[in-house]
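To keep things clear, I will list the structure first and then write my remarks on it.
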Amino acid sequence: MQRRVREWKLQYGAEQEVMFRQRHQPGLRGLSDFTELKGVVVTIAGKLLAHKLYHFRLEWSHWSWMRVVLGGESFSALAEGLQEALGQLGGVPAEHKTDSLRAAWKQQGEDGRRELTERYAALCRHYGMQGVHNNAGRGHENGSVESAHGHLKRRIRQALILRGSNDFSTLEEYQAFITQQVMRHNRNNQDLVKEERPHLKPLPLRRSADYDELTVRVSSSSTINVRHVVYSVPSRLVGQLLRVRLWDDRLSCYVGSNE
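Take the sequence shown: its letters are residues 1 to 259, numbered as in full-length UniProt numbering.
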């Protein structure tokens, strides 16, 4: 009976999705994603650090970069992490691929078609990259970076065990620890990285803006409200309009051209 059912399915059963083996080319594509160290508690001077890790990876040589992200998967976190990665790499791939990050893509129409957000499109233009994304429901298309998450996170977990503590004195010390593990990973692929670098495009002369800019007024209590977070400022600024540049982990305030 089982044999007959199997034969019937072979002749009349539903078609199955076919996955073609991806062929990578040097210099073609970089991939970005955000990930978490699930099950790992990291503290800074004894205080819990709620964070994610931004991860960039070259599809061909597997060169990687990671940055600690304190907020969510925002445009500023993506732009700052990507530009830092490209600066460390010293070149630019032809394409930049993500999953359907809201910081980079917006849905257009009922057919689910996606387009680049204005800011992400400007970032890609600045670096001469073409922005591409996974098809909806096909996370395996970003498998190169997602599979690398597991490898690098295992390396980080093992390094934490050898270190004997998950507590760091400063955020900078923790970032340096993450960078150390990523650079060790890159050294394992250094021959491929050297082979891929000549295929990358040159960096632009300067970075693109990787912050959000807002205008807020200083209240009578000498505070400003920036996206539902209250900050104190000098009382001499009461009533003034401030221009605020907001990054993932910091902000700067300006009165006119003065910081």
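In this text, a Cβ means the ideal position worked out from N, Cα and C, and glycines have one as well.
If you measure between the beta carbons of residue i and residue j, is that distance less than 8 Å?
i	j	result
residue 203	residue 87	yes
residue 93	residue 29	yes
residue 76	residue 212	yes
residue 194	residue 91	no
residue 79	residue 252	no
residue 49	residue 37	no
residue 51	residue 82	no
residue 46	residue 167	yes
residue 95	residue 129	yes
residue 126	residue 99	no
residue 226	residue 214	yes
residue 155	residue 180	no
Under a Cβ-count criterion, where at least 16 other Cβ atoms within 10 Å of its own Cβ denotes burial, should residue i be classed as buried or exposed?
i	result
residue 186	buried
residue 191	exposed
residue 183	exposed
residue 256	exposed
residue 68	buried
residue 250	exposed
residue 153	buried
residue 161	exposed
residue 58	buried
residue 242	buried
residue 246	buried
residue 170	exposed
residue 62	buried
residue 25	exposed
residue 21	Because the pLDDT of residue 21 is 43, which lies under 50, any placement of that residue in the model is unreliable, and the number read from its coordinates should be weighed accordingly. Flag for residue 21 reads exposed.
residue 232	exposed
residue 55	buried
What are the start and end residues of the alpha helix (DSSP H) that includes residue i?
i	result
residue 126	118-127
Which stretch, first to last residue, makes up the beta strand (DSSP E) that contains residue i?
i	result
residue 131	130-133
residue 241	241-246
residue 41	Here residue 41 belongs to no beta strand (DSSP E), and DSSP marks it neither H nor E.
residue 222	It is not in any beta strand (DSSP E) - residue 222 carries neither H nor E in the DSSP assignment.
residue 251	251-254
residue 29	29-35
residue 229	229-232
My parser needs the alpha helix (DSSP H) runs of 4 or more residues fully inside the segment 57-112; what are they? 75-89
Could you tell me which whole beta strand (DSSP E) segments of length 3 or greater appear in the segment 139-220? 212-217
With a threshold of 8 Å, are at least 3 pairs of Cβ atoms found where one atom belongs to the segment 97-105 and the other to the segment 114-123? yes
Below 8 Å, can you find three or more Cβ-Cβ pairs linking the segment 171-180 to the segment 25-41? no
Any chance the segment 233-252 sits against the segment 213-225, with 3 or more Cβ pairs inside 8 Å? yes
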